[in-house]
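Student: This is the structure I have questions about; it appears just below.
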Amino acid sequence: MRLARPVGLLLSAAAVVLWAVGMTVLQPLTEPLGPWSERLPGNNAYWARDLRFTAIVAVVLGLLLAGRGRLRWSGPAVLLGGVWVAADVAIDRADPTGVRPTVLLAAGGCVAIGVLAAGLWWSERGTPPATERRVLTGAACVAGVLTLVAAGMESPTDREPELNQGALATSALLVALTIGAALAAAPARTRARCGLAAGLAVASLLAVWWIRAVPPGPRLLPEVALGAVLLTGVTLLAWDWPGGRPVWRHHALAAVAALVAPMSLLLAVVIAMIGLVPIGAQFTALAGNSPINSADSDVLLSLVGLLAGLGMALLLARPTLKDRH
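With this note's numbering applied, the sequence shown covers 3 to 327.
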């Protein structure tokens, strides 16, 4: 996919803007209480943090797409993501608000990915072009599962218009990353695959809108439908088509996995985090925010989505894929 680099960098830059807006516009909405308040926040109170962390993962996935999944890009991109999370916690503690901090954070983030991309591009001069298809297929799976997390994001009241706006924008970006990475992993960018990608994008965006249009309770059905459509679409775009057509029995099995596995993995990771690794509470404390009350749980849903996405990558990044083309 010749456009993988500019598309990946453009999507990374868009994720940086979403992250900056999340920090300076959305995060203050989730902090109406002081650290000594007797009325502590409940479940999903820090939804803006999850949208921001999801945007940071999107930055990394965009860089993976720009580097066509090669290790030379993957390692620095993941390292940048880790540093970015640490910087996010420090900036969150400072509580920036207003237009100027938004612009400065967005510009600084774009400069960071620009400098990294320029250095990596310079270092690979003369290297034959290659695409790591398994890495890109795995990246598409991670983006697909994170789409479900972002689309279903809730708050204690679910009345904030900014929550809907942020969830829709983040989900749309992740849909673009899912389809872009899957198409870049394809052995050939044929007209049929491009048409399939366009149809998948429209169907996925409509499903995201459907999820946000219904109240939190009935969202399970559209979320399951979105996961099945989006992740099955990843296999149709990324896997080989022997003889010029998909092997339908393989994709039927993938569809079953896409229907059942994402929600099962998300639930399993949530249970494990609540019982074993209370990492959300640690991030809340590091950022200087009010702790969640003891009757509820401080779950870092963005990390849940990342881990569940990696699990789906193990299932759907087929070992029969040729590593390079």
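For each residue, glycine too, the CB sits at the ideal point set by N, CA and C.
Would you mind working out which of Arg74, Gln29, Gly311 sits nearest Thr129, comparing C-alpha positions?
Tutor: Arg74
Student: Across the region 190-198 and the region 167-174, are there enough close Cβ pairs to call them in contact, namely three or more that are closer than 8 Å?
Tutor: no
Student: Rounded to whole angstroms, what's the CA-CA distance from Ala178 to Ala203? Just pull it up for me.
Tutor: 7 Å
Student: If we require 4 or more residues per run, which alpha helix (DSSP H) segments fall completely within the region 140-205?
Tutor: 163-187
Student: Please report the distance separating the alpha-carbon of Ser266 from that of Trp124.
Tutor: 43 Å
Student: Are the region 305-312 and the region 255-273 touching by the rule of at least three beta carbon pairs closer than 8 Å?
Tutor: yes
Student: Taking contact to mean 3 or more Cβ pairs, one atom from each stretch, closer than 8 Å, check whether the region 24-32 and the region 40-58 are in contact.
Tutor: yes
Student: What did DSSP end up calling Ser299 once you bin it into helix, strand or coil?
Tutor: coil
Student: Locate the alpha helix (DSSP H) running through Met25, then write down its first and last residues.
Tutor: First-last for Met25: undefined, no H or E at that position.
Student: When the Cβ atoms of the region 135-144 are set against those of the region 225-244, are three or more pairs found closer than 8 Å?
Tutor: Yes, they touch.
Student: Hey, could you find the ends of the alpha helix (DSSP H) Arg127 is sitting in?
Tutor: From DSSP, Arg127 is part of no alpha helix (DSSP H); its letter is neither H nor E.
Student: Would you call the region 4-20 and the region 64-84 touching, i.e. three or more CB-CB distances under 8 Å?
Tutor: yes
Student: In chain order, which continuous runs of the alpha helix (DSSP H) of length 4 or greater are located wholly inside the region 276-320?
Tutor: 281-288, 303-318
Student: Can Asp298 and Pro218 be called in contact, C-beta distance under 8 Å?
Tutor: no
Student: Give me the Cβ distance between Val301 and Ile276, rounded to the nearest whole Å; I'm assuming they're in contact under 8 Å.
Tutor: 6 Å
Student: Within 10 angstroms of the Cβ of Trp250, are there 16 or more other Cβ atoms? Answer buried if so, exposed if not.
Tutor: exposed
Student: For Gln284, collect the residues of the same chain with a Cβ closer than 8 Å to its Cβ; drop the 5 residues on either side in sequence, then sort them by chain order.
Tutor: none
Student: For Asp90, report the span of its alpha helix (DSSP H) as first-last.
Tutor: Counting along the chain, the alpha helix (DSSP H) containing Asp90 begins and ends at 73-96.
Student: Can you tell me whether Trp243 is helix, strand or coil according to DSSP?
Tutor: coil
Student: Where does Glu225 fall in DSSP's three states?
Tutor: helix
Student: Hey, Ala152 and Ala132: beta-carbon distance below 8 Å or not?
Tutor: Result no, Cβ atoms of Ala152 and Ala132 do not sit closer than 8 Å.
Student: Excluding the 5 residues preceding and the 5 following Pro103 in the sequence, name in chain order all residues of the same chain whose CB lies nearer than 7 Å to its CB.
Tutor: Thr26
Student: Helix, strand or coil: how does DSSP classify Thr104 here?
Tutor: Residue state, collapsed to three classes: helix.
Student: With a threshold of 16 other CB atoms inside 10 Å of the CB of Thr220, please say whether the residue is buried or exposed.
Tutor: Residue 220 is actually Pro in this sequence, not Thr. Under this definition Pro220 is an exposed residue.
Student: Rank Ala215, Pro163, Leu303, Pro224 by C-alpha distance to the C-alpha of Val272 and give the top, closest one.
Tutor: Leu303
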